[in-house]
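One structure is given here, and the rest of the page talks about it.
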Amino acid sequence: MATKEEAEVLASRARQGRFLEVLPELLDVAREDGDPDARLTAAAAAILILLWSDRFGEAGRLAEELIARDGPSGGHLCDQTMPFLYAFYGADLHDGTPAAPRLLAAAAAVPEGRVLNRTFRQAAERLASGRTVRDDLEAYYDWGAPVGANTRVIGADLLGRDPVELDARQRRTFWSALHQTRDLSRAREAYRALGEIPQDLNLAIWLAGAFAVAGEVPEGEAVLLAAHAVYWPLMQWDVLPAALVLLPTLRPVMTDRVREYYLNRPIGPEAQRQD
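For the sequence shown, my numbering begins at 837 and goes up steadily by one.
Here it is in structure tokens:
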């Protein structure tokens, strides 16, 4: 039976560009007896790879099984929400399995007051109130919103300047200000002028969506390809950025080329070690 450290090694091997090769081993560890933290690490990494393989139903079932099994014990799983929320949302959007009942069942399997319990109940309540899974997933990006005023926006003074003249620190603020004002047209213009993406993954995803809503697939695809170098795992089990394959707005620019690029190259720290 694998230890947590051994599961982390599997996740690291996956990030070497060996995602599909390592997936069966991750699935084995996720379902074996033994260390619940090893199951957590392996299941989370496996879910991300399943999402990237368009195996949304399997990802949802794996999340469901893990929480039902290990949630009642009150371990580390109970203070995690990702990628399990993504697994349920992906299965809702792409496999036809409603997320709300799964969220409530998962919340009930975890002791009251823990992060997963609270977060999943709140998500289920939002869906019950009429909010859609797509609304929840894309709330940060808000691609359908009108351009807003730049009052009280940090970096508003930079929006009137040529982005080519800005230094690296100013460009980070400039991109953030564009996002806060939801100015998709200006974002596309800035990308064309600079020839580079924001060095923040969420802002890069927002930029790719700006091209997706405009029907400009080649440039949106190019942004997602460049975003590969920006991705960095926050947890040991983070092996791929789930948002790229989950967000419906991105589907037109989430091309086979992008999928193959991510699934066949080292990413994050493993990519840096090979440079």
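Just so it is clear, CB atoms sit at the ideal spot from N, CA and C, and this is done for glycine as well. Since the structure is predicted, the reported quantities are computational estimates derived from the model, not experimental observations.
- Message: Does the structure place the stretch 878–893 close enough to the stretch 1043–1050 that three or more beta carbon pairs sit under 8 Å?
- Response: no
- Query: Rounded to whole angstroms, how far is the Cβ of Gly984 from the Cβ of Arg1024, which I believe are closer than 8 Å?
  - Reply: Looking up residue 984 in the sequence shown gives position 148. Looking up residue 1024 in the sequence shown gives position 188. Actually they are not in contact, since the Cβ atoms of Gly984 and Arg1024 sit about 17 Å apart, beyond 8 Å.
- Query: Secondary structure at Gly1104, three-state DSSP: helix, strand or coil?
  - Reply: To locate residue 1104, count along the sequence shown from 1; it is residue 268. Reduced to three states, the DSSP call for Gly1104 is coil.
- Where does Val858 sit, in a helix, a strand or coil, going by DSSP? Indexing the sequence shown from 1 puts residue 858 at position 22. Val858 falls in the helix class under three-state DSSP.
- Can you tell me whether Arg997 is buried or exposed, with buried defined as 16 or more other CB within 10 angstroms of its CB? Residue numbering aside, residue 997 sits at position 161 when the sequence shown is read from its first letter. Exposed, by the Cβ-count rule.
- From Arg1008 to Val989, what does the alpha carbon distance come to, in whole angstroms? What you label residue 1008 is simply residue 172 of the sequence shown in a count that begins at 1. What you label residue 989 is simply residue 153 of the sequence shown in a count that begins at 1. Each residue's Cα considered, the two are about 13 Å apart.
- Answer yes or no: do Leu952 and Gln916 have a C-beta to C-beta separation smaller than 8 Å? As a working note, residue 952 is residue 116 in the sequence shown. As a working note, residue 916 is residue 80 in the sequence shown. Contact: yes.
- Query: Going by other Cβ atoms of all chains shown within 10 Å of its Cβ, with 16 needed for buried, is Trp1068 buried or exposed?
  - Reply: In the sequence shown, counting from the first residue as 1, residue 1068 sits at position 232. Answer is exposed; the Cβ neighbour count stays below 16.
- Express the C-alpha separation of Thr1091 and Glu1057 in angstroms, rounding to a whole number. Here residue 1057 refers to the residue found at position 221 of the sequence shown. Here residue 1091 refers to the residue found at position 255 of the sequence shown. The alpha-carbon atoms of Glu1057 and Thr1091 are separated by roughly 7 Å.
- Excluding the five sequence neighbours on either side, which residues of its own chain have a C-beta within less than 7 Å of the C-beta of Gln1035, listed in chain order? Residue numbering aside, residue 1035 sits at position 199 when the sequence shown is read from its first letter. Arg1008, Val1066.
- Verify whether the separation of the beta carbon atoms of Leu1020 and Ile1033 is less than 8 Å. Within the sequence shown, numbered from 1, the residue matching residue 1020 stands at position 184. Within the sequence shown, numbered from 1, the residue matching residue 1033 stands at position 197. Their beta carbons are not under 8 Å apart, which means Leu1020 does not touch Ile1033 by this criterion.
- Task: Could you check which residue in Phe855, Leu886, Leu940 has the C-alpha nearest to that of Ala904?
- Result: Within the sequence shown, the letter at position 68 stands for residue 904. Considering only alpha carbons, the answer is Leu940.
- Message: Which complete alpha helix (DSSP H) runs does the stretch 974–1046 hold, if anything under 4 residues is left out?
- Response: 1004–1017, 1020–1030
- In the DSSP assignment, find the unbroken alpha helix (DSSP H) run with Leu1083 in it and report its ends. Residue 1083 sits at position 247 when you count from the first residue of the sequence shown. Premise fails: Leu1083 is in no alpha helix (DSSP H) and is neither H nor E.
- Item | Neighbour-count burial assignment, Asp1003, 16 or more Cβ in a 10 Å radius | Residue mapping note: residue 1003 aligns to position 167 of the sequence shown, counting from 1. Flag for Asp1003 reads exposed.
- Report yes or no: do three or more beta-carbon pairs, one from the stretch 1094–1109 and one from the stretch 872–879, lie closer than 8 Å? no
- Would you give the residue range spanned by the alpha helix (DSSP H) that Val946 belongs to? Here residue 946 corresponds to residue number 110 of the sequence shown, with the count starting at 1. Element bounds for Val946: n/a, residue is neither H nor E.
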